[in-house]
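The structure appears below as structure tokens.
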Amino acid sequence: MSSAAPSPSGPSGPSGPSGPPGTDALLGPADVRELAAALGVRPTKQRGQNFVIDANTVRRIVRTARVRPTDVVVEIGPGLGSLTLALLAEAAWVTAVEIDDVLAGALPATVAARLPARADRFALVHRDALRVTELPGPAPTALVANLPYNVAVPVLLHMLAVFPTLEHGLVMVQSEVADRLAAEPGSRVYGVPSVKAAWYAEVRRAGAIGRNVFWPAPNVDSGLVSLVRREPPRTSAGRREVFAVVDAAFAQRRKTLRAALAGWAGSAAAAEAALRAAGIDPRARGEALTIEDFAAVAERKGSTA
């Protein structure tokens with residue numbers, strides 16, 4: 001966890017937000033660009049950096065996420081702090097996880113300058129989110145984030161697995177990723193992200209976000225995905241065992257489950273036996289199964305015909 005860096009010049013410097021006392025602490029387009037210039041920051045495609053520059057959009061995200069005054073929020077990839085400030089204004093505590101050295105060093109100063117009364121409710125973890133296994137402060141209850149498109153699904157699944165106290169969340173991701181996460185069985189975009197997310201939560205699309213609220217504007221549309229924690233399927237199989245079936249089923253999604261699961265089960269005949277024991281037609285394909293179905297198949301590995 002990094003400590004606060006010296007306050008940079010620009011809109012988040014020691015003078016705080018520009019304008020008279022009481023001016024909205026959230027970052028607008030000019031604030032974002034001035035702060036980025038002061039820090040020498042140029043958004044990079046490698047890390048999927050597209051900074052939100054519209055205050056109304058971050059207000060909408062916080063509102064749609066139903067952030068409560070008692071919530072302890074974890075935010076992934078806060079960037080310059082646009083969403084961070086909006087979350088801090090509503091939640092009991094916010095922990096931001098940032099991998100970028102410059103952004104991680106500057107964010108505590110931005111928070112202290114623009115929301116000084118809430119600065120003691122903020123913590124920064126300077127680390128790759130995929131390597132985070134613990135967080136400072138109270139246990140997190142909500143995940144709210146603008147996730148980098150290139151790592152959105154792995155980061156989301158990692159956080160849900162590592163922090164079982166997360167009760168709900170809202171993530172902004174690439175529109176087609178949002179569709180996949182929220183897809184129902186039978187949909188052509190239903191796949192590994194859909195099934196694995198369903199292990200942890202009830203998932204649904206919660207809106208669309210235009211390109212013009214970002215700087216730089218991405219070449220893809222964005223979508224909001226809402227998550228509400230649910231109990232995993234009641235099964236004697238472990239999560240890894242169930243996910244192994246899911247991976248095998250969709251690795252060759254055009255094949256029947258009898259064929260797709262042959263490697264997982266040891267043979268096509270063994271796969272058919274497990275499927276029949278779970279009450280599933282061996283001629284079905286992975287996109288027809290719910291997470292409960294996959295759990296049932298995992299339980300029956302090694303069944304005899």
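Taken in order, the sequence shown gives residues 1 to 305; the numbers are from the UniProt record's numbering.
Glycine included, each C-beta is placed from N, C-alpha and C at the ideal position.
Residue i and residue j closer than 8 Å at C-beta
i	j	result
L224	A206	yes
E292	P233	yes
S226	R253	no
residue 383	V246	The structure shown does not extend to residue 383, since the chain is modelled only from 1 through 305, so no value can be given for it.
A152	V173	yes
V32	I61	no
P116	E90	no
G85	A25	Strictly speaking, residue 85 in this sequence is Leu, with Gly absent from that position. In contact: L85 and A25 (Cβ atoms closer than 8 Å).
S303	A277	yes
V220	A298	no
A237	A295	yes
N146	G210	no
L27	G81	yes
A269	K301	no
L130	H158	yes
Element boundaries [beta strand (DSSP E), containing residue i]
i	result
R205	201-209
A150	Looking at the sequence provided, one finds Asn at residue 150 rather than Ala. Element bounds for N150: n/a, residue is neither H nor E.
I76	72-76
V125	122-126
L170	168-174
E98	93-98
Unbroken alpha helix (DSSP H) run spanning residue i, endpoints
i	result
residue 392	Because the chain spans 1 through 305 in this model, residue 392 falls outside it and cannot be assessed.
R33	29-39
R229	No alpha helix (DSSP H) contains R229, which is instead part of the beta strand (DSSP E) from 222-229.
E299	291-299
L87	82-88
T64	55-64
F109	Going by the sequence as given, residue 109 is Ala instead of Phe. A109 -> alpha helix (DSSP H) spans 101-114.
R258	257-260
E287	No alpha helix (DSSP H) contains E287, which DSSP labels as neither H nor E.
D247	239-251
Counted within 10 angstroms of its Cβ, other Cβ atoms place residue i as buried (16 or more) or exposed
i	result
D71	buried
G169	buried
E98	buried
R118	buried
R114	buried
D179	buried
S267	exposed
A198	buried
P21	In this prediction, P21 scores a pLDDT of 34, lower than 50, which makes its location untrustworthy; the coordinate-derived value is nonetheless stated afterwards. Classification for P21: exposed.
A36	buried
Euclidean distance between Cα positions of residue i and residue j
i	j	result
N56	A249	42 Å
F51	A274	48 Å
L160	Y200	7 Å
A123	L143	15 Å
R230	E202	6 Å
Y190	A109	42 Å
F214	V58	11 Å
L87	S187	34 Å
S194	E184	7 Å
G286	K255	9 Å
V111	D128	21 Å
T23	P29	Residue confidence is low: T23 scores 42 on pLDDT, short of 50, so the model does not pin down where it sits. Its coordinate-derived value is still stated next. Cα to Cα, T23 sits roughly 15 Å from P29.
V171	R283	36 Å
residue 306	G279	Here the chain comprises residues numbered 1 to 305, so residue 306 is not present and cannot be evaluated.
N212	S222	11 Å
V125	D281	47 Å
R239	A65	27 Å
A251	A244	11 Å
A106	R63	26 Å
Supposed close pair residue i, residue j - CB separation, criterion 8 Å
i	j	result
L103	T141	Actually they are not in contact, since the Cβ atoms of L103 and T141 sit about 25 Å apart, beyond 8 Å.
T95	V67	Not a contact, Cβ separation roughly 14 Å.
P148	W93	Rounded, the Cβ-Cβ distance is 23 Å, inconsistent with contact.
L289	A271	About 13 Å; that fails the 8 Å criterion.
Any non-hydrogen atom of the ligand MG closer than 7 Å to residue i Cβ
i	result
D31	For the ligand MG, the structure offers nothing, since it holds no ligand at all.
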